[in-house]
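Trainee:
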Amino acid sequence: MMDILLAAITALLILGGAGFALVAAIGLNRLPDLYTRMHAASKAGTVGSGLLLLAVGVHAGDLPTFARALAGFFFFVLTAPISAHLLAMAAHKVGYPLCAESVRDEMKDYDKRI
Amino acid sequence: MTTAEMIIAYAVWLALVVLCFSFLLTVWRVIKGPTLPDRVVALDMLTGIVIGFIALIAIRTGFTLYIDIAISLGLVGFLATVAFARFILSRGNREVPKEDRMKAFTASVPEPRRKSVARRPSGTGPAVRRKAKK
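Chains W and D, in that order, are what the protein sequence lines are. The first sequence begins at 3 in the working numbering and counts up one residue at a time. The second sequence begins at 13 in the working numbering and counts up one residue at a time.
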């Protein structure tokens, strides 16, 4: 009974991670410009791979493996916003435009303000 | 095969199919992406999907050592994205609108090389090209 419960949790994590990855890939293709695509890739994509890593940890069932999987998840969650922020900052500073539907651009006069 | 193993096997199989589909969608964005940062974002996402693949293989084979490989791949992907961001910052924005680029490409194909070189000096902006045409 216990191992069926563990397998169900693992299966839920696996399917959730794969679903998040699929949502991220669809968002990457459907969203209009670079800055909105970055939302899909760096949030849903990170959670997708992180959930799959957690599934490995739960499936193995011993503490060191689970701790390593948790460390990997934490590492991805830590680095994804940094890389997305760096990329968005570089693209905006160099002048890649926002899509036409964008409502406001708070970074427009960033160079003048500092 | 016990029930628990069967649940895991079916879930892994389904997740492999879903990940394959999302991998193809992301590759499509890498190919199509109109600008360089679009492609970089898609490559970052591609690294994440490959980490998911590695995790699924770890569950399927039972080797938990694959987790370390996944973590190091994540580190390499992060560093690659940071390096690409620095590159975009130092390269500047030299993407031309798509119609212009296609026009330049199709116009330069049938003509001899000397002419097309003379027509497009160093900058590739539309203003430079218009001046050169006169």
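Backbone N, C-alpha and C fix where the C-beta goes; we use that ideal spot for every residue, glycine too.
Tell me whether the beta-carbon of residue 96 (chain W) lies closer than 7 Å to the beta-carbon of residue 104 (chain D).
Mentor: Closer than 7 Å, so yes.
Trainee: Whole angstroms are fine: how far does the CA of residue 62 (chain D) sit from the CA of residue 86 (chain W)?
Mentor: In a straight line, the C-alpha of residue 86 (chain W) is about 18 Å away from that of residue 62 (chain D).
Trainee: Three-state secondary structure (DSSP) at residue 34 (chain W)?
Mentor: Residue state, collapsed to three classes: coil.
Trainee: Applying a beta-carbon distance threshold of less than 7 Å, which residues of chain D neighbour residue 95 (chain W)?
Mentor: In chain order: 101.
Trainee: Note down the Cα distance separating residue 35 (chain D) from residue 84 (chain W), rounded to an integer number of angstroms.
Mentor: Using only the alpha carbons, I get a separation of about 23 Å.
Trainee: Out of D:67, D:101, D:92, D:93, state which residue places its alpha-carbon closest to the alpha-carbon of residue 75 (chain W).
Mentor: Comparing Cα positions, the closest option is D:67.
Trainee: Determine whether the Cβ of residue 104 (chain W) lies closer than 7 Å to any Cβ atom of chain D.
Mentor: No, residue 104 (chain W) does not count as interfacial toward chain D.
Trainee: Quick one: grab the DSSP three-state call for residue 93 (chain D).
Mentor: Of the three classes helix, strand and coil, the one that applies to residue 93 (chain D) here is helix, per DSSP.
Trainee: Which whole-angstrom value is the C-beta distance of residue 18 (chain D) and residue 47 (chain W), which I expect to be below 8 Å?
Mentor: At roughly 29 Å, the Cβ-Cβ gap does not stay under 8 Å, so residue 18 (chain D) and residue 47 (chain W) are not in contact.
Trainee: Is DSSP giving residue 49 (chain D) helix, strand or coil here?
Mentor: Three-state result, residue 49 (chain D): helix.
Trainee: What residues of chain W sit near residue 38 (chain D), judged by a beta carbon separation below 7 Å?
Mentor: Residues of chain W passing the Cβ test: 27, 30.
Trainee: Alpha helix (DSSP H) containing residue 45 (chain W): first to last residue?
Mentor: Counting along the chain, residue 45 (chain W) falls outside any alpha helix (DSSP H), and DSSP gives it neither H nor E.
Trainee: Does the count of Cβ pairs from the segment 25-45 of chain D and the segment 25-33 of chain W closer than 8 Å reach three?
Mentor: The segment 25-45 of chain D vs the segment 25-33 of chain W: in contact.
Trainee: Could you list which residues in chain D have their beta carbon closer than 8 Å to that of residue 111 (chain W), in chain order?
Mentor: Within chain D, no residue comes near residue 111 (chain W); the closest Cβ sits about 18 Å away, beyond 8 Å.
Trainee: Taking all protein chains shown into account, do 16 or more other C-beta atoms lie within 10 angstroms of the C-beta of residue 44 (chain W), making it buried, or fewer, making it exposed?
Mentor: Result: buried.
Trainee: Just how far apart, CA to CA, sit residue 23 (chain D) and residue 76 (chain D)?
Mentor: The straight-line gap from Cα to Cα measures roughly 18 Å.
Trainee: Mapping DSSP to helix, strand and coil, what is residue 108 (chain W)?
Mentor: Reduced to three states, the DSSP call for residue 108 (chain W) is coil.
Trainee: Within the continuous alpha helix (DSSP H) that includes residue 17 (chain D), where are the two ends?
Mentor: Taken as a continuous stretch (DSSP letters only), the alpha helix (DSSP H) holding residue 17 (chain D) covers 15-44.
Trainee: Considering only the beta carbon of each residue, do residue 47 (chain D) and residue 37 (chain W) sit closer than 7 Å?
Mentor: No, Cβ-Cβ distance for residue 47 (chain D) and residue 37 (chain W) is not below 7 Å.
Trainee: Could you please give the first and the last residue of the uninterrupted alpha helix (DSSP H) stretch that includes residue 91 (chain W)?
Mentor: Taken as a continuous stretch (DSSP letters only), the alpha helix (DSSP H) holding residue 91 (chain W) covers 65-96.
Trainee: Cβ atoms of residue 15 (chain D) and residue 6 (chain W): under 7 Å apart, would you say?
Mentor: It is a contact, given that the beta carbons lie within the stated cut-off.
Trainee: In chain D, which residues lie with their C-beta within 7 Å of the C-beta of residue 48 (chain W)?
Mentor: 60, listed in chain order.
Trainee: Using 10 angstroms around the beta-carbon of residue 13 (chain D), count the other beta-carbons present and answer buried if the total reaches 16, otherwise exposed.
Mentor: Residue 13 (chain D) comes out exposed.
Trainee: With a threshold of 16 other CB atoms inside 10 Å of the CB of residue 51 (chain W), please say whether the residue is buried or exposed.
Mentor: With 16 or more Cβ atoms within 10 Å of its Cβ, residue 51 (chain W) is classed as buried.
Trainee: Alpha carbons only, please: which of W:42, W:102, W:22 is nearest the one belonging to residue 41 (chain D)?
Mentor: Taking only the C-alpha atoms, the option nearest residue 41 (chain D) is W:42.
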